[in-house]
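Residues are numbered in this note's numbering as their position in the sequence shown, beginning at 1, plus a constant of 12.
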Amino acid sequence: MTDHSNRIDKKTAMGKRKKKSQSIADTADRHHLYELSVQCSEAEIDFVDDTFKKLKGRRAKRLREDFCGTANVCCEWVKRRKSNQAIGVDLDTEVLQWGEANQLAKLKSSQRKRVTLLEENVLNVETEPMEIISAMNFSYWLFKERDQLKCYFQRVYEQLSDDGVLFMDAYGGYDSYKEIEEERDIEDGDATFTYIWEQEKYDPISGTLICHIHFDFEDGSRYEKAFSYDWRLWSLPEVRELLSEVGFEKITFYWQGFDDDGEPDGIFLPVEEGEADAGWICYMTAEKS
Numbered sequence: 013m014t015d016h017s018n019r020i021d022k023k024t025a026m027g028k029r030k031k032k033s034q035s036i037a038d039t040a041d042r043h044h045l046y047e048l049s050v051q052c053s054e055a056e057i058d059f060v061d062d063t064f065k066k067l068k069g070r071r072a073k074r075l076r077e078d079f080c081g082t083a084n085v086c087c088e089w090v091k092r093r094k095s096n097q098a099i100g101v102d103l104d105t106e107v108l109q110w111g112e113a114n115q116l117a118k119l120k121s122s123q124r125k126r127v128t129l130l131e132e133n134v135l136n137v138e139t140e141p142m143e144i145i146s147a148m149n150f151s152y153w154l155f156k157e158r159d160q161l162k163c164y165f166q167r168v169y170e171q172l173s174d175d176g177v178l179f180m181d182a183y184g185g186y187d188s189y190k191e192i193e194e195e196r197d198i199e200d201g202d203a204t205f206t207y208i209w210e211q212e213k214y215d216p217i218s219g220t221l222i223c224h225i226h227f228d229f230e231d232g233s234r235y236e237k238a239f240s241y242d243w244r245l246w247s248l249p250e251v252r253e254l255l256s257e258v259g260f261e262k263i264t265f266y267w268q269g270f271d272d273d274g275e276p277d278g279i280f281l282p283v284e285e286g287e288a289d290a291g292w293i294c295y296m297t298a299e300k301s
């Protein structure tokens, strides 16, 4: 008689060995890693909230986060004041579901009720007039044609309140045209991983910029292309011209300063002229009136 039990035991043992041999990259959560490496919703909302007050003399209540991803910024906004309401707009079902399960689920019930997530295209979405519309992390760069980006700005203009403000960011400098990789070590509890930003390709004729985010872990494994971006590297004059064409009356650039060691200090101040740095980051506001 054939001994099947021995075969079953071997299969079970092999299955256990496979589980034990899984790398950190195999089980890594890319959205969690992204939030640790790239996005600081607290600092972003600090800037947006305080800048709106400086511009308009009051605190805003209604914020819409376009290309919202995990809706981290929406969640941070409703935590600030009981009167705050947020709408997040994104086309990606998977990332919205992650945000529901991992960000909105952490909110108090009263806060959760003040967040609305819409799985829609920012070019078509209809929302109530918003005091703030935010398009951060260079997300609007996915519009690679002039008419597309102008159409987006026109839609934003129409759906802002009469004294509403559009907030965006941008980066540039001579390193932004290079095909390079940059690394940074990030702490995650007791562990450390390496965030890698890769600019794979830049085409000077079309302005196309292909970028990826990779993550390397302590066990030697890598999460290759956890995120990939096919953008146009828009210049600040191009963006300002398009904003003006759709009716925005005042456009302001906020430049990041540097500390005594030459490192970015996280403080963004309004400027008339930027600096020719190798790599700069700035915020922008476009006021409807």
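Where is the CB? At the ideal position from N, CA and C, for every residue including glycine.
For the 8 Å CB-CB criterion, cysteine 294 and aspartate 181 form a contact. For serine 173, the three-state secondary structure derived from DSSP is strand.
As for any beta strand (DSSP E) of minimum length 3 sitting wholly inside the region 182-217, the runs are 193-200, 203-214, ordered along the chain. A straight-line Cα-Cα distance of about 46 Å links phenylalanine 179 and serine 33. In this model, isoleucine 36 and glutamate 210 are separated by some 21 Å (Cα to Cα).
Contact check between the region 238-256 and the region 191-199: fewer than three CB pairs, one atom from each, fall below 8 Å, which does not count as touching. Note on geometry: alpha-carbon atoms of glutamate 257 and serine 173 lie some 18 Å from one another. Burial is judged here by how many other beta carbons sit within 10 angstroms of a residue's own beta carbon; valine 107 has at least 16 and is buried. Contact between the region 42-58 and the region 260-269 is absent: fewer than three C-beta pairs spanning the two stretches fall below 8 Å. The bridge partners DSSP lists for arginine 74 are Gln97. Secondary structure at glutamine 115: coil, using DSSP grouped into helix, strand and coil.
Taking a 10 Å sphere around the C-beta of lysine 118, we find fewer than 16 other C-beta atoms and assign the residue as exposed. Of all alpha-carbon atoms in Gln123, Leu129, Lys120, Ser95, the one lying nearest the alpha-carbon of tryptophan 110 is that of Leu129. When the five nearest sequence neighbours on each side are left out, the beta carbons in the same chain lying within less than 8 Å of the beta carbon of isoleucine 263 are those of Arg252, Leu255, Ser256, Met296, Thr297, Ala298, Glu299, in order along the chain.
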